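Participant:
Protein chains: 2
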Amino acid sequence: MMMRRWSVSARVGPTASARSGRGRGGGQEPSMATMTDIAREAGVSLSTVSYALSGKRPISASTRTRIDQAIAKLRYHPTASARALALKRTSLLGLAVPQRPDVDDHVIMEFVGSILSAAHEADYDVVLVTAEDRERALRIVEEGKVDALIVMDIVEDDERLPDLARLHSPVVLIGNPQDTNGLACVDFDFLAGAMLAVRELHGRGASRIAMLKPPSAAAGGPVPTYARRARLGYTMACAELGLDSEVVELPPDSAAVADFVRDQILSGARFDGLFVHHEPALAMLGRAMSQLGVACPEEVQVAAIAPADVARNGPWEVSSVDLPIPSIGRSTVAMALERLRDREVPAHTRLLSPTFVPRATTLP
Amino acid sequence: MMMRRWSVSARVGPTASARSGRGRGGGQEPSMATMTDIAREAGVSLSTVSYALSGKRPISASTRTRIDQAIAKLRYHPTASARALALKRTSLLGLAVPQRPDVDDHVIMEFVGSILSAAHEADYDVVLVTAEDRERALRIVEEGKVDALIVMDIVEDDERLPDLARLHSPVVLIGNPQDTNGLACVDFDFLAGAMLAVRELHGRGASRIAMLKPPSAAAGGPVPTYARRARLGYTMACAELGLDSEVVELPPDSAAVADFVRDQILSGARFDGLFVHHEPALAMLGRAMSQLGVACPEEVQVAAIAPADVARNGPWEVSSVDLPIPSIGRSTVAMALERLRDREVPAHTRLLSPTFVPRATTLP
DNA sequence: CTGTTAGCGCCTTCAT
DNA sequence: ATGAAGGCGCTAACAG
Chain A
1 MMMRRWSVSA
11 RVGPTASARS
21 GRGRGGGQEP
31 SMATMTDIAR
41 EAGVSLSTVS
51 YALSGKRPIS
61 ASTRTRIDQA
71 IAKLRYHPTA
81 SARALALKRT
91 SLLGLAVPQR
101 PDVDDHVIME
111 FVGSILSAAH
121 EADYDVVLVT
131 AEDRERALRI
141 VEEGKVDALI
151 VMDIVEDDER
161 LPDLARLHSP
171 VVLIGNPQDT
181 NGLACVDFDF
191 LAGAMLAVRE
201 LHGRGASRIA
211 MLKPPSAAAG
221 GPVPTYARRA
231 RLGYTMACAE
241 LGLDSEVVEL
251 PPDSAAVADF
261 VRDQILSGAR
271 FDGLFVHHEP
281 ALAMLGRAMS
291 QLGVACPEEV
301 QVAAIAPADV
311 ARNGPWEVSS
321 VDLPIPSIGR
331 STVAMALERL
341 RDREVPAHTR
351 LLSPTFVPRA
361 TTLP
Chain B
1 MMMRRWSVSA
11 RVGPTASARS
21 GRGRGGGQEP
31 SMATMTDIAR
41 EAGVSLSTVS
51 YALSGKRPIS
61 ASTRTRIDQA
71 IAKLRYHPTA
81 SARALALKRT
91 SLLGLAVPQR
101 PDVDDHVIME
111 FVGSILSAAH
121 EADYDVVLVT
131 AEDRERALRI
141 VEEGKVDALI
151 VMDIVEDDER
161 LPDLARLHSP
171 VVLIGNPQDT
181 NGLACVDFDF
191 LAGAMLAVRE
201 LHGRGASRIA
211 MLKPPSAAAG
221 GPVPTYARRA
231 RLGYTMACAE
241 LGLDSEVVEL
251 PPDSAAVADF
261 VRDQILSGAR
271 FDGLFVHHEP
281 ALAMLGRAMS
291 QLGVACPEEV
301 QVAAIAPADV
311 ARNGPWEVSS
321 VDLPIPSIGR
331 STVAMALERL
341 RDREVPAHTR
351 LLSPTFVPRA
361 TTLP
C-alpha cells in the first residue's frame, strides 16, 4: 500500500487564485513553505524535521506523523539550493555532448539516455552543455553547479584535457586518448574488439582479411580516439595469426563501396573476410554485395564493430562485435559517482570487453 | 579610532579555522576560496567584493584592481548554490525530452541544441530529464532545482498537464494541445502551415489535392498535437477554395507508398496535388514516383510540411512549408525567460508563422 | 528521542 | 565609495 507523502490533496481553481495561506491577501510570491514552517506547524524543532526527512536519526512515530501531516498540509518540498549549500553537493552531473554535424544523433541520444537513466537511479540529475562551449563546461564545475563532469566524444590530442585535468571535481572521459592527462576514462575496448572480430573471421576460415574504415579525417581534423585502437587491434590480430593486413579507407558513398566490391571482391577475389569498422558503409556494403551477386557468408565473410541495432537493421544482419553504448553510459556515471565517494583513489581507465555476436554474414 | 584586525567576528567554528595559509601540504579538501578570502586578500569588506562582482554599485578603480588580483591569485569562483539560495534563482532551466522510440532522434537533437544555445546566451544552463519520468520533472521544479521547465512532445490530452499546471514556476510546452490547462505553449502554426501549402498548390494549378499522413496512432496511443491541426488546416483550405478534400493515411513503408502512387496517381490520376505531412514517407514517395515514371511537377505537384533538411535531402527537393525547429526551440526559451521576469502576465500560446519554400516539386 | 545553534557562501538593506 | 549585519533554507555537531 502506497502511503502518500507528498500527495496533492485538493485542486484549487482553474487559475489557482487561492494565493498563499494566511498572510495578507496582498498575495505576491507564493513563497513556498520552509522547514521552519513545518517545524512550527508540527510543534517540533527545526532539526527534528530535518532528521525526520533525512532519516539520519530515529524519530518517534507520533512525531513523524505530525511532521508528515504538516508537510502534506503545507505542500512542503526541500529547497535544492539550500541543501546543496549545506551539503556541498548538488546531486547534479555535468554532461558535455558534441554538436559536431558528423556525429550520429542516434548514437548521442543513446548515450544521453543511458547516462540519464543511470544518474537518475542514483538520484542525480544531469546538466547538459555543448562540448563546443569549453568555457561553460569548465565553469559549471568551477562554480560548483555540478558535482562531476562527463565529457563525450574525446578525440586524439583533445585540447580540452589540460583544462579539465586542473579541475578539483571528478571528470570522466568517454573515450581513451593516448594521453589521458591523468583523467578517468571509460570506453569500449576497441583494440580487443577488433582483434576478436579478426580472430572470429579467421576461425571460420577466412585468411585474406581486409579492414574497412572511413577515410582518416582531413589532416588536422579531430580523430576519435577509437580509430587508432581499432586499427591497431586489426593489425595486431593479423600479425598474431600470420595474416597479411590491408586497411582500406572507403568514403561513405554507395558508388565507392560498390567499386570496392566489384574490383576487390568480385573480380580480384582478393579478400575472403572483411572487418568493417565503418557504420555508414555497412548498409551500402550489403546492398552492393547482393546486387553484384557476391555470396556473403560463402565467398566472403563480414564482421563489424557497430551498435547492435546498426548491425541488425539495414539490408542484412551483420555478424558483429556489438558496441554496448548503454553500458558505456552507465559505466561512465558509475565511475563519476565512485570518484565522488573516494576523492583519493587515482584516476584509471575502464575498457569494456568485447563480445562477438555471429549473425548472417559469417559461417557457423 | 578603532583598529580592527581583520574582524574574526564569526569565525570560531572548528571548520573555519582558516588554516588556509600554506601550512603544510596535509592536503585534504582544496576547499575553494570564498568571497571572504577575497575580501581579506584585497583588504576590503565582503560586500565590496560582492558589489564589485555584480557591478551593482560603483567601485573605485584601485579597489576593483586589488579585488581582481585577489580573485586571480586565489582562483576564486562564485559558488552557484550559495548564489542560488540568496537570489532564489538557479539559472537553470529544466527540459523534459521524450525517449519514446517513435520520435526522431535527429529532430530531438535539433530541439535540444537550439534550446541549449538560447539558454546559454541568456546565461542559463539546462537540466535534462526524460519526459517519461514525470515524478522527476515535477520534482526538479518543486525543489527549486530549476527556475522553469520546458516540456517537449506534448500530446493530445496529455496526462501530465494537470500536474504541470499546479507548479508555481513557469512551464512552457512545446506543442499546442486543445486544452492547455492554462499553460504557456510554443509551437509551429500547423494549421496555417497546412492551409498555406494547399493554397500554394492550388495557386499553381492543382485542384485535386490529397493530404498524405501517417496512420492515426493505434487507438489510445499518444497523438502529437500537431496531427489534428495540420489536418484541420488542410480541410479548411480545401473548403475555402471549393476543393474536395481527401485524407490518405499511409503506413511508412515503401510498398504501401508505391501502391498509392500506382493506384491513385498513375492509373487513377485522381490527384494532381499532394500535401504531405508524413516525413518518413517523403523519400519513399520520391523514389516511387520516379520509378513508376510519374512526372513530378508536371503531372502532380507535391508540397510538404517538414524540417528543411528532410525536404531537401532524400531523392528529390521537395517544395515545403519548412518546420523551423531551431526557432521553436529559441522561442520556447524566450517565453520561459519572459515568464520568469513577469510572473504576472497570463500564460499565452505562441505559434510560429509558416513560410512556403518552392523547390523542385511544384510548378514555378 | 528532541532542541539549540553555528555555519555553508553570497546578496542586500542600512549606515557611514 | 565602503562597511556591518542579517538573512536565504538546510545540515550537523553539540547538548540534553
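Protein sequences appear in the order of chains A and B. When the count follows full-length UniProt numbering, it moves up by one through the first sequence with no breaks and lands on 364 for the last residue. When the count follows full-length UniProt numbering, it moves up by one through the second sequence with no breaks and lands on 364 for the last residue. Note that beta-carbon positions come from the ideal geometry of N, C-alpha and C, so glycine has one too. Note that this is a predicted model, so its numbers are computed, not measured.
#1: Between the alpha carbons of A/R117 and B/T362, how many angstroms are there, rounded?
#2: Listed from N- to C-terminal order along the chain, which residues in the stretch 252-263 of chain B have their beta-carbon within a distance smaller than 8 angstroms of any beta-carbon of chain A?
#3: Using only the alpha-carbon positions, how far apart do A/I140 and A/V146 sit?
#4: Keeping to the same chain, check which residues put their C-beta closer than 8 angstroms to that of B/L250; ignore five residues upstream and five downstream.
#5: Mind listing, in chain order, the continuous alpha helix (DSSP H) runs of no fewer than 4 residues lying wholly within the stretch 219-306 of chain A?
#6: Should B/S320 go down as buried or exposed, given a rule of 16 or more other Cβ atoms within 10 Å for buried?
#7: Taking the alpha helix (DSSP H) that B/V318 belongs to, which residues open and close that run?
#8: Specify, as a first and last residue, the run of the beta strand (DSSP E) that A/G94 falls within.
#9: Under a three-way DSSP split, which group does B/M35 fall into?
#10: B/V126 versus chain A: which residues are under 9 angstroms apart at the beta carbon?
#11: Contact check, A/A275 vs A/V223 under 8 angstroms by CB: the rounded distance?
#12: Note down, one range per segment and in chain order, each alpha helix (DSSP H) of at least 4 residues found wholly within the stretch 160-220 of chain B.
#13: Could you work out which residue in B/M335, B/N313 and B/E246 is closest to B/T349 when comparing CA atoms only?
#14: I'd like the list of long-range same chain contacts for A/P177, defined as Cβ closer than 8 angstroms, with 5 residues on each side in sequence excluded.
#15: How many angstroms separate the CA atom of B/G233 from the CA atom of B/G273?
#16: Measuring alpha carbon to alpha carbon, tell me which of A/A61, A/S60 and A/K73 ends up nearest A/M35.
#17: B/T130 by DSSP, collapsed to three states: which one?
#18: Restricting to Cα atoms, I'd like to know which of B/A237, B/A80 and B/L183 is closest to B/E246.
#19: Select from B/P170, B/D37, B/V107 and B/L93 the residue whose C-alpha is nearest the C-alpha of B/D347.
#20: Quick check: is the beta carbon of A/I325 nearer than 8 angstroms to any beta carbon in chain B?
#21: In whole angstroms, what separates the C-alpha of A/V151 from that of B/L351?
#22: Closer than 9 angstroms between beta carbons: that is the criterion. Which residues of the stretch 206-225 of chain B meet it against chain A?
#23: B/V345 CB to nearest chain A CB: under 8 angstroms?
#24: Would you report the Cα separation of A/T79 and A/R89, rounded to the nearest angstrom?
#25: Are the CB atoms of B/A42 and B/I59 within a distance shorter than 8 angstroms?
#26: I'd like to know if A/Q99 contacts chain B, where contact means its C-beta is closer than 8 angstroms to some C-beta of that chain.
#27: Does the beta-carbon distance from A/F188 to A/L323 come in below 8 angstroms?
#28: Using a C-beta to C-beta distance shorter than 9 angstroms, which residues of chain A count as neighbours of B/I140?
#29: Starting from the C-beta of B/V357, find all residues in its chain whose C-beta is less than 7 angstroms away, skip the five residues before and the five after it, and write them out in chain order.
#30: If you reduce the DSSP assignment to three classes, tell me which class B/T79 lands in.
#31: Roughly how many angstroms separate the alpha carbons of B/G113 and A/E132, rounded to a whole number?
Facilitator: In terms of the structure at hand:
#1: According to the sequence as given, residue 117 of chain A is Ser; it is not Arg. Near 46 angstroms, if we compare the C-alpha coordinates of B/T362 and A/S117.
#2: Listed in sequence order: no entries.
#3: The alpha-carbon of A/I140 is positioned some 6 angstroms away from that of A/V146.
#4: If we look at B/L250 and ignore the five residues flanking it on each side, its Cβ neighbours are L212, K213, P214, P215, A256, V257, F260, H278 and A281.
#5: DSSP runs (the alpha helix (DSSP H)) wholly in the stretch 219-306 of chain A: 225-241, 254-260, 279-292 and 296-299.
#6: With a threshold of 16 other beta carbon atoms within 10 Å, B/S320 meets it and is buried.
#7: Taken as a continuous stretch (DSSP letters only), B/V318 belongs to no alpha helix (DSSP H), as it is neither H nor E.
#8: A/G94 -> beta strand (DSSP E) spans L92 to V97.
#9: Three-state result, B/M35: helix.
#10: In chain order: V127, L128 and V129.
#11: Going by the sequence as given, residue 275 of chain A is Phe instead of Ala. No, A/F275 and A/V223 are not in contact; Cβ-Cβ is about 19 angstroms, not under 8 angstroms.
#12: Fully enclosed alpha helix (DSSP H) runs of 4 or longer: 161-166 and 190-203.
#13: It is B/M335 whose Cα lies nearest to the Cα of B/T349.
#14: Counting only Cβ-Cβ distances below 8 angstroms, and skipping sequence neighbours, we find I154, V155, E156, D157, D158, L161, C185 and T225.
#15: Taking the straight line joining both Cα atoms gives about 16 angstroms.
#16: Closest by alpha carbon: A/K73.
#17: Reduced to three states, the DSSP call for B/T130 is strand.
#18: Comparing Cα positions, the closest option is B/A237.
#19: A quick correction: the sequence has Ala, not Asp, at residue 347 of chain B. For B/A347, the closest C-alpha among the options B/P170, B/D37, B/V107 and B/L93 is that of B/P170.
#20: For A/I325, the answer is no, since every Cβ of chain B falls outside 8 angstroms of its Cβ.
#21: Taking the straight line joining both Cα atoms gives about 36 angstroms.
#22: Within the stretch 206-225 of chain B, no residue has its Cβ closer than 9 angstroms to any Cβ of chain A.
#23: No, B/V345 does not count as interfacial toward chain A.
#24: In a straight line, the C-alpha of A/T79 is about 13 angstroms away from that of A/R89.
#25: No, they are not a contact pair.
#26: Yes, A/Q99 counts as interfacial toward chain B.
#27: Result yes, Cβ atoms of A/F188 and A/L323 sit closer than 8 angstroms.
#28: Residues of chain A passing the Cβ test: A80 and D125.
#29: Here the set comprises S319, S320 and D322.
#30: Reduced to three states, the DSSP call for B/T79 is coil.
#31: Taking the straight line joining both Cα atoms gives about 11 angstroms.
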